[in-house]
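Peer 1: Supplied in structure tokens, the structure appears directly below.
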DNA sequence: TTTATTCCTATTATACCACAAGGTAAGAGG
DNA sequence: CCTCTTACCTTGTGGTATAATAGGAATAAA
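Residue numbers (this note's numbering), protein chains in the order written: chain A, 79 to 221; chain B, 79 to 221.
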């Protein structure tokens, strides 16, 4: 299950996309508009800044803004950076030493295929599409 | 992410399918073959018995066996019963009161579509297919 | 009646989730 | 220079889920 971290991150990205993208939007404003705890959002946004998806500016008139055009962010990218792991099963997490029964495992090919489908799905949706209300229009791999 | 509960359950189902399905297979044997803690498997199997996916028989010569043909179980069914929730996000869990910002939520349609894809994927694979090594042969919705 | 096995009721250790508190650094305006 | 505003940093906290373990009771076959 996708945790609030990834979901909140996505909502913030969409929020910022809808705000136009020129000005720096303070956290306070985002938190209020989205109805999310300000203190918790802080943690989420820290990650997005570290990963260069957002630019943060301190001081009066500061806040956060996108570093690219909304169409240049895929949902997959946002989720992968904020979620601890997007792997469907523990043995596919990157950094895990390969399972000793990998060869004999009857379920591993299924998990691998599933992993690919998830990646394809979320890679096919951009923040811009969500901001414009085009979420849920994915028509399949190769479309 | 799918927890060990669902994964172990699936591996047990496949194991039993591969054993033929006539005799009662003791937990000890399954646990050893699969390399999973016996005591923990017990908990997992309790669910499968309660949900009638397996039949348990106590006493000497007892153990577990499938209640149907392996081709009659879908992976989705097994995962849904053993995993707490297969919903990708909290607001889609069954039993959750609808989110107040559901109408305004830019991401909800995407989550709903994803949920459907996951369901289709795992519903299209049977325990029999996994047991025969046909996991990972899913060719898309409508195939 | 003995033995093998499932079934039942706890308890534990660990980790993660969602969030809160309080302070520090940096940038803008007076 | 002073102050205000804002992002950034460190730490703590209650709750819940995970992945087990422990010890026994019920049941069925030999």
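Using N, Cα and C, we set each Cβ at its ideal position, and we do this for glycine too.
Note that this is a predicted model, so its numbers are computed, not measured.
#1: Tell me which residues share the same chain as residue 127 of chain B and place their Cβ nearer than 8 Å to its Cβ, disregarding the 5 neighbours each side in the sequence.
#2: With distance defined between alpha-carbon atoms, name the residue in B:205, B:175, B:171, B:103 nearest to residue 148 of chain B.
#3: State buried or exposed for residue 93 of chain B, treating a residue as buried only when at least 16 other CB atoms are found within 10 Å of its CB.
#4: For residue 97 of chain A, is the classification buried or exposed, using 16 other Cβ atoms within 10 angstroms of its Cβ as the cut-off for buried?
#5: Does the count of Cβ pairs from the segment 192-212 of chain B and the segment 149-162 of chain B closer than 8 Å reach three?
#6: With residue 180 of chain A and residue 213 of chain B assumed to form a contact (beta carbons below 8 Å), what rounded beta-carbon distance in angstroms separates them?
#7: Would you list the one or two residues that DSSP bridges to residue 135 of chain A?
#8: Which bits of chain B does residue 89 of chain A rub up against, with CB to CB less than 9 Å?
#9: Does DSSP put residue 103 of chain A in a helix, a strand or coil?
#10: Alpha carbons only, please: which of A:146, A:187, A:158, A:137 is nearest the one belonging to residue 211 of chain B?
#11: On the CB-based measure, 16 or more other CB atoms within 10 Å of its CB, does residue 171 of chain B come out buried or exposed?
#12: Taking 8 Å as the CB-CB cut-off, is residue 166 of chain A touching chain B?
#13: Closer than 8 Å by C-beta to residue 109 of chain B: which residues in its own chain qualify, once you throw out the five before and the five after it? Chain order, please.
#14: According to DSSP, is residue 204 of chain B part of a helix, a strand, or is it coil?
#15: In the DSSP assignment, what are the bridge partners of residue 152 of chain A?
#16: Quick check on residue 174 of chain A: buried or exposed, where buried means 16 or more other Cβ atoms within 10 Å of its Cβ?
#17: Check for me: the alpha helix (DSSP H) holding residue 95 of chain B runs from which residue to which?
#18: For residue 125 of chain B and residue 159 of chain B, which I take to be in contact (beta-carbon distance under 8 Å), what is that distance rounded to the nearest angstrom?
#19: Check distances from the C-beta atoms of the segment 138-163 of chain B to those of chain A and list, in chain order, the residues that come in under 8 Å.
#20: Less than 8 Å between the beta carbons of residue 167 of chain B and residue 79 of chain A, yes or no?
#21: For residue 83 of chain B, tell me which candidate among B:131, B:178, B:121, B:113 has the shortest Cα-Cα distance.
#22: Check whether chain B comes within 8 Å of residue 103 of chain A, counting only Cβ atoms and requiring the distance to be less than that.
#23: Would you verify that the beta carbon of residue 108 of chain A is, or is not, closer than 8 Å to some beta carbon of chain B?
#24: Which one of A:176, A:207, A:169, A:100 has the shortest CA to CA distance from residue 139 of chain A?
#25: So the candidates are B:207, B:113, B:150; which of them puts its Cα closest to the Cα of residue 130 of chain B?
#26: Give me the chain A residues within the contact set of residue 208 of chain B, using Cβ-Cβ distance strictly less than 7 Å, ordered along the chain.
Peer 2: Judging by the given coordinates:
#1: 133, 134, 142
#2: B:205
#3: buried
#4: buried
#5: yes
#6: With 8 Å as the limit, residue 180 of chain A and residue 213 of chain B do not qualify as a contact, their Cβ atoms being about 13 Å apart.
#7: A:141
#8: 183, 184, 185
#9: strand
#10: A:187
#11: exposed
#12: yes
#13: 115, 116, 119
#14: strand
#15: A:204
#16: exposed
#17: 82-96
#18: 6 Å
#19: 153, 163
#20: yes
#21: B:121
#22: no
#23: no
#24: A:100
#25: B:150
#26: 184, 185, 188
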